[in-house]
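Novice: Numbering-wise (the working numbering), the sequence shown opens with residue 1102 and increments by one.
The following block contains the structure, expressed as structure tokens.
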Amino acid sequence: MADLLRKPFGARGKVHQITPQSAGWRYVGFSLYHLKPGDTAAEATGDTEVILVMVEGKAQVTGAGQDWGTLGERMNVFEKSSPHCLYLPNGTEWSVEAETDCVLAVCSAPGKGGHAARRIGPGGISLTERGKGTNTRHINNIAMENEDYCDSLLVTEVFTPAGHWSSYPSHRHDEDDFPRITYLEETYYHRLNPSSGFGIQRVYTDDGLLDETMAVKDGDVVLVPRGHHPCGAPYGFEMYYLNVMAGPRRNWRFVPAPEVEWIMERDG
């Protein structure tokens, strides 16, 4: 079985740390902090660029030699309000001091020095609907292709209503053949409402050499090194996930799974 499902390794401080080395790939890194009021966290970006996402809570943030003041507003991610985020280029440092209970995501990918530090959101990020029927979900685009904020990173939030599917119709982005398809590694940080619930994520390739179906719980991370990667939210449980993608070029192009291509064509 591929080691695609990563459980948090604590309840306070850094609870996830996924590096390209630990994931067995080349581009995407993802860390997550759970902080109590007064707790601090600090890192150097090194050769990576970083987007700090205030998933929940408020914190005082400094980065790239600047004081960015208090970032954060929503106390519960399922409020679905726009997130407060901070982009930091490679070769900089950042630190945070929590004012409230906080969940802080650290999204990273190779930096090339092409973009300056900047706040992202809450202005300019608005919840948008995607899909039809029980494939409807809601998106907060933090830094996707249309937002020229980063060298490598693509970051977005997705809210999937109970009983709905997401990252569906199934699709893959695992070949470097632009403009037909791009190679993008991806992480999913999952939350469930109520938190006692579970969701389903399948990661599979057309040839069946990779085919894993996982029950994800609140706080889990799923790695998508290749293949299709749909999610399902059971009736009674709303699903959130934070996506981080990166690859050799900052474009998101995908190919649908053969068995669901007709759905994408019908609903397109």
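Note that CB positions come from ideal geometry on N, CA and C, so glycine has one too.
Only a predicted model underlies this, so the values are computations on that prediction, with no experimental measurement involved.
1. Out of G1111, I1301 and Q1122, which one is the CA nearest neighbour of L1136?
2. Which residues mark the beginning and the end of the alpha helix (DSSP H) in which A1124 is found?
3. By DSSP, does V1178 sit in helix, in strand, or in coil?
4. Got a sec? Which residues, its chain only, sit under 6 Å from C1203 by beta carbon, not counting five neighbours each side?
5. Would you tell me roughly how many angstroms separate the C-alpha atoms of G1224 and N1344, rounded to the nearest one?
6. Note the first and the last residue of the continuous beta strand (DSSP E) segment covering M1346.
7. Going by alpha carbons, who is nearest to D1140 out of V1162, V1151 and H1216?
8. Indicate the three-state DSSP secondary structure (helix, strand or coil) for P1280 in the structure shown.
9. Start and end of the beta strand (DSSP E) containing D1060?
10. Within the same chain, show all residues whose beta-carbon is closer than 7 Å to that of G1328, passing over the 5 residues directly before and after it, in chain order.
11. I need the boundaries of the alpha helix (DSSP H) containing R1367, first residue and last residue.
12. Quick check: the Cα distance between L1187 and L1153, rounded to an integer number of angstroms?
13. Should A1358 be labelled buried (16 or more other beta-carbon atoms within 10 Å of its own) or exposed?
14. At what residue ranges does the stretch 1147-1219 contain a whole run of the beta strand (DSSP E), taking only runs of 3 or more?
15. With DSSP as the reference, identify every bridge partner of G1255, one or two as the case may be.
16. Please confirm whether E1246 and W1353 have their CB atoms less than 7 Å apart.
17. Quick check on DSSP: helix, strand or coil for P1359?
18. Beta-carbon separation of S1132 and Q1118 under 7 Å?
19. Starting from the Cα of V1322, find the closest Cα among H1291, C1251 and R1219 and give me that residue.
Specialist: Reading it off the structure:
1. For the purposes of this step, residue 1136 is taken as residue 35 along the sequence shown, with counting starting at 1. Ranking the options by Cα distance to L1136, first place goes to G1111.
2. Looking up residue 1124 in the sequence shown gives position 23. Its alpha helix (DSSP H) spans residues P1121 to A1124.
3. Residue numbering aside, residue 1178 sits at position 77 when the sequence shown is read from its first letter. DSSP places V1178 in helix when its eight states are reduced to three.
4. Looking up residue 1203 in the sequence shown gives position 102. The answer, listed in chain order, is L1136, G1158 and A1160.
5. Reading the sequence shown from its first residue, position 123 is the one you call residue 1224. Reading the sequence shown from its first residue, position 243 is the one you call residue 1344. Approximately 20 Å between the Cα atoms of the pair.
6. Walking along the sequence shown from the start, residue 1346 turns up at place 245. From DSSP, the beta strand (DSSP E) with M1346 extends over E1339 to A1347.
7. Residue mapping note: residue 1140 aligns to position 39 of the sequence shown, counting from 1. If we check each option's Cα against that of D1140, V1162 comes out closest.
8. Locating residue 1280 in the sequence shown gives position 179, where the first residue counts as 1. P1280 falls in the coil class under three-state DSSP.
9. Since the displayed the chain opens at 1102 and closes at 1369, residue 1060 lies outside it and no answer follows.
10. Position 227 of the sequence shown holds residue 1328. Contacts found: R1273, D1275, V1304, Y1305, T1306 and L1311.
11. Taking the first residue of the sequence shown as 1, we reach residue 1367 at position 266. R1367 -> alpha helix (DSSP H) spans E1362 to D1368.
12. By one-based count along the sequence shown, residue 1187 stands at place 86. By one-based count along the sequence shown, residue 1153 stands at place 52. Answer to the nearest angstrom: the Cα atoms are 5 Å apart.
13. Mapped onto the sequence shown, residue 1358 falls at position 257. Buried.
14. 1149-1157, 1160-1164, 1167-1172, 1185-1189, 1194-1199 and 1203-1211
15. Here residue 1255 is taken as the residue at index 154 of the sequence shown, counted from 1. In the sequence as displayed, the identity of residue 1255 is Leu instead of Gly. Looking at the DSSP assignment, L1255 forms a beta bridge with M1346.
16. Along the sequence shown, read from residue 1 onward, the residue named residue 1246 stands at position 145. Along the sequence shown, read from residue 1 onward, the residue named residue 1353 stands at position 252. Closer than 7 Å, so yes.
17. Residue numbering aside, residue 1359 sits at position 258 when the sequence shown is read from its first letter. In the structure shown, P1359 sits in a helix (DSSP, three-state: H, G or I).
18. For the purposes of this step, residue 1132 is identified with residue 31 of the sequence shown, where counting begins at 1. For the purposes of this step, residue 1118 is identified with residue 17 of the sequence shown, where counting begins at 1. Cβ distance < 7 Å, so S1132 and Q1118 count as in contact.
19. Indexing the sequence shown from 1 puts residue 1322 at position 221. Ranking H1291, C1251 and R1219 by Cα distance to V1322 puts H1291 first.
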